Amino acid sequence: MSLQEEELVSSHAGQPEQASSLLDQIMAQTRIQPGSEGYDVARQGVTAFIASILQSTASAEPVNKLAVDSMIADIDERISRQMDVIIHAPAFQQVESFWRSLKTMVDRVDFRENIKVNVLHVTKQELLEDFEFAPEIIQSGFYKHVYSSGFGQFGGEPIAAVLGAYEFKNTAPDMKLLQYVSAVGAMAHAPFLSSVSPEFMGLNSWTELPNIKDLYAIFEGPAYTKWRALRDSEDSRYLGLTAPASCFASPGHQQITLLKALTITKMSARTTKIICGVIRPGCWHAISQTVLPNTAGVQTLSARKAAAR
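In terms of full-length UniProt numbering, the sequence shown is residues 1 to 309.
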């Protein structure tokens with residue numbers, strides 16, 4: 001029993017069973033079962049609430065409405081601060097960015113045109129390992145999803161395009177992965193569309209992009225040798241990389257209603273970071289021009305043109 005519960009029971013020294021019964025009756029009104037998760041926390045909260053009322057010096061009325069409203073406001077403020085910490089956590093913002101991107105893309109798809117959207121959960125590292133551990137590309141899981149299950153069999157539904165919710169950098173593993181996915185895209189005539197990180201161009205943020213005087217000069221350096229080799233390959237016709245990021249949620253003082261009786265405040269002082277989409281507008285345009293099962297009219301953006309832009 002907590003200290004607050006002991007104080008509540010001691011305040012009814014002559015009637016311990018009645019005190020316990022009173023608390024149990026109040027908890028019964030919450031419809032939280034004694035063995036369920038969160039029961040102990042709720043019981044402590046009710047105990048603290050009752051103890052606060054009993055310690056009140058007001059004698060005009062048994063329950064002061066203003067005092068209750070003040071307690072509720074304090075609880076809302078505590079929840080708001082905790083939720084603010086959660087929604088500004090990098091891991092949470094990464095998930096939020098993906099789902100906002102996916103929703104925006106789905107909202108722009110005209111499903112009356114026989115278009116289907118399939119979601120495959122796989123990280124960039126897992127996708128690279130899928131190719132690396134396979135004896136050859138045609139034995140990889142990605143190949144089976146994109147080619148074998150659709151374009152590679154009679155009566156199958158070919159994949160019109162593949163959107164990767166990734167941000168690629170100018171690193172050897174990323175260049176190797178782009179080679180793999182572009183090769184599968186060429187086999188299945190399904191372009192692979194994704195985006196690049198600011199680090200791809202040696203930037204810390206896309207806000208630094210206007211400071212670059214000559215974009216062409218960046219890709220002519222020795223650090224981009226593998227990128228130029230990928231860009232000059234035939235399979236790069238089925239590879240599209242977009243930049244910069246698109247803004248989905250700006251920083252600021254925002255009111256977010258989670259429940260009918262709970263509105264949290266998104267504090268602007270915690271961060272100035274915006275929520276950016278991992279699926280860029282260039283990908284939305286390509287998908288909007290795609291009609292299944294005919295893949296001949298898919299709008300593609302080659303890696304060469306993406307770099308030039």
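C-beta: ideal position from N, C-alpha, C; glycine also.
This structure is a prediction, so every number in the text was calculated from the model and none was measured.
Leu177 sits close to Lys124, with the two beta carbons spaced by under 8 Å. The shortest CA-to-CA distance from Ala190 to any of Leu230, Glu167, Ser148, Thr207 is the one to Ser148. In this structure, the straight-line span from the alpha carbon of Ala217 to that of Tyr224 is close to 11 Å. Separation of Gln82 and Pro244 (C-alpha to C-alpha, rounded to the nearest whole angstrom) is 32 Å. CA-CA distance, Met27 to Asp84, rounds to 29 Å. DSSP places Thr47 within a helical segment (H, G or I) once states are collapsed to three.
Per DSSP, reduced to three states, the secondary structure at Leu127 is helical. A straight-line Cα-Cα distance of about 15 Å links Phe111 and Leu102.
Taking the Cα positions, Leu215 is about 23 Å away from Asp235. Beyond the five residues adjoining it in sequence on each side, Val184 comes within less than 7 Å, by CB distance, of Ile137, Phe142, Tyr143, Val146, Tyr147 in the same chain, given in chain order. The beta carbon of Phe168 sits closer than 6 Å to those of Asp174, Val196, all from its chain and outside the five residues before and after it, given in chain order. Judged by beta-carbon spacing, Gln179 lies beyond the 8 Å limit of Leu120, meaning their Cβ atoms are not closer than that value. Within the DSSP bridge table, the entry for Leu241 names Ser194 as partners.
At the C-beta level, Leu239 and Phe192 come within 8 Å of one another. Membership of Ala73 in any beta strand (DSSP E) is not indicated; the residue belongs instead to the alpha helix (DSSP H) covering 65 to 87.
Counting the other Cβ atoms within 10 Å of the Cβ of Asn211 gives fewer than 16, which makes it exposed. By the criterion of a C-beta distance shorter than 8 Å, Leu128 is surrounded in its chain by Pro173, Lys176, Leu177, Tyr180, once the five residues flanking it on both sides are discounted. Secondary structure remark: continuous beta strand (DSSP E) runs of at least 3 residues inside the segment 143 to 224, in chain order: 162 to 168, 192 to 196. Secondary structure at Val109: coil, using DSSP grouped into helix, strand and coil.
Of the other Cβ atoms in all chains shown, 16 or more fall within 10 Å of the Cβ of Arg43; this residue is therefore buried.
Apart from sequence neighbours up to five positions away, the residues of its chain that approach Ile86 with a beta-carbon distance below 8 Å are Phe92, ordered along the chain.
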